[in-house]
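In the working numbering, the protein residues as written are 335 to 430.
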């Protein structure tokens, strides 16, 4: 399955997050290595979730421009040129 990435808006106790499904361990490690890059660091990222081909980077910033720039940089670092905005569908998660 191809990687799918989304910028997920705040929900309940979670801030904005950049999430990827069907991600390899190498691509996950690449994302983690980006946290200290200026294009990402300003959004105050941290690894909120990581399991079986899924990663969630939550941002502790309310600066939506910084969050968008960080998401762009994270996506580009793993070869994703465009990503969606919003929640994942059941189909995207392989549940249908």
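In this text, a Cβ means the ideal position worked out from N, Cα and C, and glycines have one as well.
Check: Who are residue 379's beta bridge partners in DSSP?
Finding: Along the chain shown, read from residue 1 onward, the residue named residue 379 stands at position 45. DSSP, once it has assigned bridges, lists 393 as partnering residue 379.
Check: Comparing alpha-carbon positions, which option in 428, 410, 405 lies nearest residue 353?
Finding: The residue you call residue 353 lines up with position 19 of the chain shown. The candidate whose alpha carbon is nearest that of residue 353 is 405.
Checklist line | Boundaries of the alpha helix (DSSP H) in which residue 339 is found, first to last residue | finding: Position 5 of the chain shown holds residue 339. It is not in any alpha helix (DSSP H) - residue 339 instead sits in the beta strand (DSSP E) that spans 338 to 342.
Note to self: Helix, strand or coil for residue 385? Go by DSSP, reduced to three states.
What the structure shows: Position 51 of the chain shown, counted from the first residue, corresponds to residue 385. DSSP, reduced to helix, strand and coil, places residue 385 within a strand of the structure shown.
Check: With C-beta atoms as the reference, is residue 400 less than 9 Å away from residue 371?
Finding: By 1-based counting over the chain shown, the position of residue 400 is 66. By 1-based counting over the chain shown, the position of residue 371 is 37. It is not a contact, given that the beta carbons lie outside the stated cut-off.
Item checked: Cutoff 7 Å; reference residue 408; Cβ partners in own chain excluding five residues on either side -> Looking up residue 408 in the chain shown gives position 74. Within the same chain, residue 408 has close Cβ partners 352, 365, 368, 374, 391.
Notebook entry, point to check: By Cβ distance, which residues of its chain are closer than 6 Å to residue 403, with the 5 residues on each side in sequence left out?
Noted result: Along the chain shown, read from residue 1 onward, the residue named residue 403 stands at position 69. Excluding residues within five positions, the ones whose Cβ falls inside 6 Å are 373.
Check: For residue 383, which of 417, 413, 415, 348 has the nearest alpha-carbon?
Finding: The count along the chain shown starts at 1 and reaches residue 383 at position 49. For the set 417, 413, 415, 348, the Cα lying nearest the Cα of residue 383 is the one of 348.
Next item on the list: Label residue 393 either buried or exposed according to how many other C-beta atoms from any shown protein chain fall within 10 Å of its C-beta, with 16 as the threshold for buried.
Entry: Counted from its first residue, the chain shown places residue 393 at position 59. Residue 393 comes out buried.
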